[in-house]
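Asks: Numbering (the numbering used here), first residue to last: 52 to 193.
Note that CB positions come from ideal geometry on N, CA and C, so glycine has one too.
Got a structure here, written out as structure tokens. Questions coming.
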């Protein structure tokens with residue numbers, strides 16, 4: 052529901068990132084410390100997670116499972132931040148948070164089915180080897 056009229060999910064996410072940054076600036080102008088867990092952050096964080104999940108779903112449909120996984124990781128972090136916001140458990144949007152969390156788990160399962168386990172292990176081994184050597188070794192098979 053947080054999608055832009057033009058359907059550009061990446062741009063919608065960037066717009067919300069800017070909203071969060073503006074809230075930080077406003078807190079500074081008011082000479083109040085910015086709090087990541089301030090109740091005013093709850094709704095923007097839920098919107099951001101919703102957009103991230105939609106973007107991930109779109110990437111998965113386009114066959115970009117690795118990118119979808121990255122976006123799912125970002126959505127997971129966003130949902131964790133939203134869960135840490137100091138709003139009452141009886142807040143009406145807490146139910147939406149639960150739905151987004153369930154949607155994330157479902158999408159993660161879809162992504163995991165798409166990326167074969169052996170490909171994941173090979174990529175992890177290449178990253179580890181590159182980190183140990185200080186050089187990336189594209190195409191190296193172990």
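#1: Nearest-angstrom Cα distance between residue 52 and residue 183?
#2: Within the same chain, show all residues whose beta-carbon is closer than 6 Å to that of residue 152, passing over the 5 residues directly before and after it, in chain order.
#3: Taking 8 Å as the threshold, find out whether the segment 90-109 comes into contact with the segment 61-81 through three or more Cβ pairs.
#4: Starting from residue 123, follow the alpha helix (DSSP H) in both directions and report where the run begins and ends.
#5: Would you kindly report the start and end of the unbroken alpha helix (DSSP H) that includes residue 162?
#6: Is it true that the CB of residue 155 sits closer than 9 Å to the CB of residue 134?
#7: What separation, rounded to the nearest whole angstrom, lies between the Cα atoms of residue 163 and residue 137?
#8: Just confirm the distance between the C-beta atoms of residue 107 and residue 119, as a whole number of angstroms; I'd bet it's less than 8 Å.
#9: Looking at residue 97: is its Cβ nearer than 9 Å to the Cβ of residue 144?
#10: May I have the straight-line CA-CA distance separating residue 79 from residue 176, to the nearest angstrom?
#11: Determine, for residue 179, whether the minimum Cβ-Cβ distance to residues of chain C falls below 9 Å.
Replies: Taking the structure as given:
#1: Interpretation of residue 52 is limited by its pLDDT of 45, a score under 50 that renders its predicted location unreliable; no figure is taken from the coordinates.
#2: 130
#3: yes
#4: 116-135
#5: 145-165
#6: no
#7: 33 Å
#8: 5 Å
#9: yes
#10: 44 Å
#11: No chain C is part of this structure, which consists of one protein chain only.
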